[in-house]
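Structure first, then comments.
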Amino acid sequence: MNIIKAIKVCYDYVSRDENDQVISVTHALSDLDLEIEKGSFVCILGHNGSGKSTFARLLNGLSIPLSGTVLVTDIDTKNEDTLLTVRETAGMVFQNPDNQIIANVVEEDVAFGPENMGIPTEEIIERVDTALTTVSMQEFRDKSPNRLSGGQKQRVAIAGVMAMKPECIILDEPTAMLDPLGREDVLFTAHELNKNEGITIVLITHNMEEAVDADRVIVMDHGTVAMDGTPKEIFSRVEELRKLSLNVPEAAELSYELKKSGLPIRDGILTLDELVEALTELKK
Amino acid sequence: MIEARNLTHIYNEGTAMESCAFTDISFTINKGEFIGLIGHTGSGKSTLIQHLNGLMRPTAGTVYFEGEDIFADKYDLRALRGKVGMVFQYPEYQLFDETVLLDVMFGPLNMGLSKDEARERALSALRLSGLSEDKFESSPFELSGGQKRRAAIAGVLSMEPEVLILDEPAAGLDPGGRNEILELVANLRKERNITIILVSHSMDDVAKYADRIMVLNKGRLAFFDEPRAVFSHVEELEEMGLAAPQMTYLAQKLNKAGISVDPAISTVEEAKAEILKAFNVK
Amino acid sequence: MLRDITLGQYYPVDSVIHRLDPRTKLAGTFVFLVSLFVTKSIYGYVLATVFLAAVIMMSRVPVKFITKGLKAIVVLLIISVSFNIFLTEGTPIFTLGPLKATWEGLQTAGFMGIRLIYLVVGSSILTLTTTPNQLTGGLEKSMGFLRKIKVPVHEIAMMMSIALRFIPILVEETDKIMKAQTARGADFETGGLVKKAKAMIPLLVPLFISAFRRASDLAMAMEARCYHGGAGRTKMKPLKYHKRDFIAYVILLLYLAAMIVIKK
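Protein chains in written order, with numbering that gives the first Met the number 0: chain C, 0 to 283; chain A, 0 to 281; chain Y, 0 to 263.
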């Protein structure tokens with residue numbers, strides 16, 4: 000079953016001068032067709048300006064497509080009456096950890112979503128409890144968010160979405176402003192949610208290493224899908240990715256380079272261990 | 000060129016919230032060197048670099064620039080800041096003027112240069128930064144993320160510093176943008192012989208460019224040596240929450256699996272050469 | 000670091016005062032402040048002192064934290080005390096050039112000083128024992144009647160709470176931009192008023208832009224989490240009066256009554 004369907008979606012950014020005259024139009028998305036399967040872990044890659052963040056915003060109705068349709072569990076995001084249902088179903092985590100935490104205490108921030116949804120008090124407490132446990136932030140529940148590290152703040156943001164019991168979480172470059180430890184932290188949490196809670200994860204990033212463990216990788220360029228496949232398929236297309244201003248994981252890059260130099264190494268290598276294994280076999 | 004002697008910095012000394020940023024750090028950086036400074040968040044690296052151009056004062060110890068104590072009473076710190084340039088993390092947030100060119104002229108004008116001289120320097124810095132010429136007269140706020148970053152770096156380059164300190168200059172950019180900015184930094188050293196201090200979380204970035212790597216851990220100088228020597232301490236680095244470059248791990252694993260390669264490789268090019276050698280491919 | 004400014008910030012311990020309903024604490028602070036202005040007798044001040052000391056003890060907040068707030072008013076305190084000492088007519092103690100210190104002045108100054116100090120200490124106990132969210136929640140609820148005359152009480156409370164969250168972030172950001180511009184040779188310290196004002200431009204422009212960016216990000220994050228104003232909103236910690244609150248109100252009333260009785 001597909002939880003998200005984008006059909007022929009277009010979206011423009013129009014900038015106007017003081018007299019409301021159009022100065023320039025940027026086509027952020029053009030005729031984008033994309034479906035995301037329920038329960039999957041999907042990674043969307045693309046350089047800055049490829050349209051990936053615009054797409055994220057369409058998925059929970061923060062923006063409405065100029066033309067075309069976005070369906071979240073078959074609900075059209077254009078429909079104002081069901082907009083809140085869409086936002087409950089598809090939660091969002093943003094890039095800047097500071098700019099998405101609303102309350103001054105961790106647990107109160109996690110409660111913000113359920114409060115808006117009008118959930119009864121006892122249930123909010125229960126949900127906040129569960130959400131904080133899921134992201135391993137229980138011990139910080141009565142702390143101020145200002146005292147947390149970037150990775151911890153992002154986990155609070157994820158808990159805030161979890162407390163709304165979404166079916167799908169869209170993470171828009173959640174690790175771009177984090178150090179390596181924070182990055183690992185957030186990624187681990189996202190994978191746990193996918194595995195243990197069955198939540199569909201759409202991870203938007205330009206860090207290639209983060210895409211290695213995804214079920215599916217979608218590469219965007221010029222507001223449309225440029226490549227779509229498993230990580231193995233995508234990362235063997237090194238030249239194409241480079242043209243799109245993207246890298247491949249170093250292990251994949253090295254195997255590609257080795258192959259180019261005449262070493263008969265097998266395709267689809269993504270991790271160091273796979274590379275070592277392939278080389279050992281070759282040695283025999 | 001820059002020498003730190005027994006530097007110690009303690010925050011809020013004498014209060015309940017006293018905390019130590021770093022203790023007793025000494026090192027010497029030579030002219031034209033490319034130094035990588037590595038440490039995880041909270042290791043004290045951001046505080047340390049702010050001492051090198053006098054933005055922060057040490058609790059104890061001092062810094063010498065070309066043999067002179069920069070914290071001495073009569074020392075002209077403002078002049079020093081023209082010689083030791085500093086590009087902060089996300090430097091695009093410091094852009095403020097009407098046009099990119101005016102913004103880049105801000106530094107030279109503060110140094111007391113005339114408008115024409117400032118303009119000359121700004122233009123040359125902007126060209127060096129690789130920002131396309133048609134953007135010089137646009138508002139800095141209309142540029143894309145990567146372009147803003149270049150403009151902001153040009154804003155420091157226009158002071159024509161002898162030393163350039165960059166705090167995570169590639170943070171938040173996509174891989175293409177990252178490479179471009181790091182190449183730009185490497186070029187500054189190559190073409191202008193500017194001494195570079197590059198602060199980064201990423202061993203992989205630093206491994207590619209640095210002559211020597213400084214590793215800061217819990218406010219102490221853990222290592223300061225050539226990359227090969229630093230990366231041979233894989234286990235210690237991991238204990239500090241820092242990873243060695245991916246390719247160093249690969250070398251380790253290959254050696255364990257009976258394919259002998261140089262254990263201190265750190266970049267994809269080195270790894271490729273070593274593996275091809277091991278397999279006797281020409 | 001600027002993030003560590005504690006002036007009036009919440010001090011997280013568990014105490015009776017912490018557990019009181021924020022509305023009770025708001026009312027308590029209000030009553031205490033009023034009582035300071037009602038009384039003119041030394042006994043009144045003794046009673047206020049006892050009351051304040053008891054509350055501080057019960058709050059379990061270290062005195063050190065409470066008096067920290069006083070640093071901010073030291074200058075104000077010195078000015079107003081010396082004004083009172085020298086400018087009140089009465090029996091002179093000594094003269095200092097054209098200035099004449101009087102006994103009456105000394106007395107008024109003493110009361111004035113105590114009043115100011117108690118004012119600050121009293122209100123910092125409120126903020127030290129109440130999280131900003133409880134505080135805004137309390138204000139929202141106690142001012143709820145204003146909604147009838149179309150005052151957007153919920154929105155104001157939400158704005159206050161967000162402002163509280165972002166003040167430390169923006170303070171830190173100011174520090175960062177200031178350093179970045181200083182590194183580019185900017186000078187924020189020397190020069191006359193005009194030069195100083197001009198020097199602020201490279202600081203203020205980026206700061207405003209950043210504040211607007213944060214505001215727009217935050218608005219989006221709130222919307223994404225189904226925020227749609229105060230209508231239909233529930234609370235994780237709804238305000239409910241407990242037995243301790245009623246006891247507190249009784250004590251407050253008794254205290255106020257006593258203060259009025261001994262006001263001369």
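For glycine and all other residues, C-beta sits at the position ideal for the given N, C-alpha and C.
Minimum Cα-Cα distance from Y/Phe110 among the listed residues Y/Ile41, Y/Gly89, Y/Phe82 corresponds to Y/Ile41. Between the stretch 74-86 of chain Y and the stretch 110-127 of chain Y there are three or more inter-stretch CB-CB distances shorter than 8 Å, so the stretches are counted as touching. Distance between A/Gln93 and Y/Pro205, taken at the CA atoms: about 6 Å. Of all residues in the stretch 264-275 of chain A, the ones placed with a Cβ closer than 7 Å to any Cβ belonging to chain C are Val267, Ala270, Lys271, Ile274, Leu275, in chain order. Two segments are said to touch when three or more pairs of C-beta atoms, one from each, lie closer than 8 Å; by this definition the stretch 202-216 of chain Y touches the stretch 82-96 of chain A.
The straight-line gap separating the alpha-carbon atoms of C/Val216 and A/Asp173 is approximately 16 Å. Taking 7 Å as the cut-off between beta carbons, the residues of the stretch 111-143 of chain Y near chain C are Thr130, Pro131, Asn132, in sequence order.
Taking a beta-carbon distance threshold of 9 Å, C/Pro144 does not count as an interface residue toward chain A. Residues of the same chain with a CB within less than 8 Å of the CB of Y/Tyr9, apart from the 5 flanking positions on each side, are Thr126, Leu127, Thr128, Thr129, Thr130, Pro131 in chain order. By the neighbour-count definition (other C-beta atoms within 10 Å, threshold 16), A/Asn254 is an exposed residue. When the five nearest sequence neighbours on each side are left out, the beta carbons in the same chain lying within less than 6 Å of the beta carbon of A/Tyr63 are those of Glu2, in order along the chain.
By a beta-carbon distance limit of 8 Å, A/His8 contacts A/Met55. Their separation comes to about 7 Å. Inside the stretch 150-186 of chain Y, DSSP marks whole alpha helix (DSSP H) runs of 4 or more residues at positions 152-182, from first to last along the chain.
Interface criterion not met: the Cβ of Y/Val193 is under 9 Å from no Cβ in chain A. At a cut-off of 9 Å between C-beta atoms, C/Asn47 counts as an interface residue with respect to chain A. A/Val184 is positioned such that its CB atom lies no closer than 9 Å to that of A/Lys134. For Y/Arg22, there is no enclosing beta strand (DSSP E); the residue is found in the alpha helix (DSSP H) stretching over 21-37. Across the set Y/Ser160, Y/Tyr248, Y/Glu154, the C-alpha of Y/Glu154 shows the shortest separation from the C-alpha of Y/Gly228. Residues of chain A whose Cβ lies closer than 8 Å to the Cβ of C/Ser260 are, in chain order, Lys271, Leu275, Val280. Taking 9 Å as the cut-off, the Cβ atoms of C/Leu269 and A/Ile258 do not count as close. Membership of A/Ala243 in any beta strand (DSSP E) is not indicated, and neither H nor E is assigned to it by DSSP. For A/Arg80, at least one C-beta of chain Y is nearer than 9 Å to its own C-beta.
The way I'd put it, the stretch 132-146 of chain A doesn't touch the stretch 68-78 of chain A; fewer than three beta-carbon pairs between them come closer than 8 Å. Around the beta-carbon of A/Ile28, 16 or more other beta-carbon atoms lie within 10 Å, marking it buried.
Close partners of A/Gln93 in chain C (Cβ separation under 8 Å) are lacking, with about 17 Å as the shortest Cβ gap. Per DSSP, reduced to three states, the secondary structure at C/Pro173 is coil, with no helix or strand assignment. The three-state reading of DSSP puts C/Asp128 in helix, counting H, G and I together. Relative to C/Ser135, the option among C/Ile157, C/Glu249, C/Gly117, C/Thr120 whose CA is nearest is C/Ile157. A/Lys44 and A/Phe223 have their C-alpha atoms spaced approximately 13 Å apart. Segment contact: the stretch 159-168 of chain C against the stretch 83-97 of chain C, three or more CB-CB distances shorter than 8 Å; contact assigned. Residue state for C/Ala210 is assigned as helix, using DSSP reduced to three classes. Remark: C-beta atoms of C/Asp171 and C/Ala27 do not approach each other more closely than 9 Å. Taking the beta carbon of C/Ala27 as reference, no residue of chain A falls within 9 Å; the closest one sits roughly 13 Å away. The three-state reading of DSSP puts Y/Gly228 in coil, since its state is none of H, G, I, E or B. Contacts with chain C (Cβ-Cβ distance below 7 Å) from the stretch 206-237 of chain Y involve Arg213, Asp216, Leu217, Met219, Ala220, Met221, Glu222, Ala223, Arg224, Cys225, Tyr226, His227, Gly231, Arg232, Thr233, Lys234, Met235, Pro237, listed in chain order. Residue nearest to Y/Pro237 within the set Y/Val62, Y/Gly137, Y/Leu69, Y/Phe50 is Y/Gly137 (criterion: CA-CA distance).
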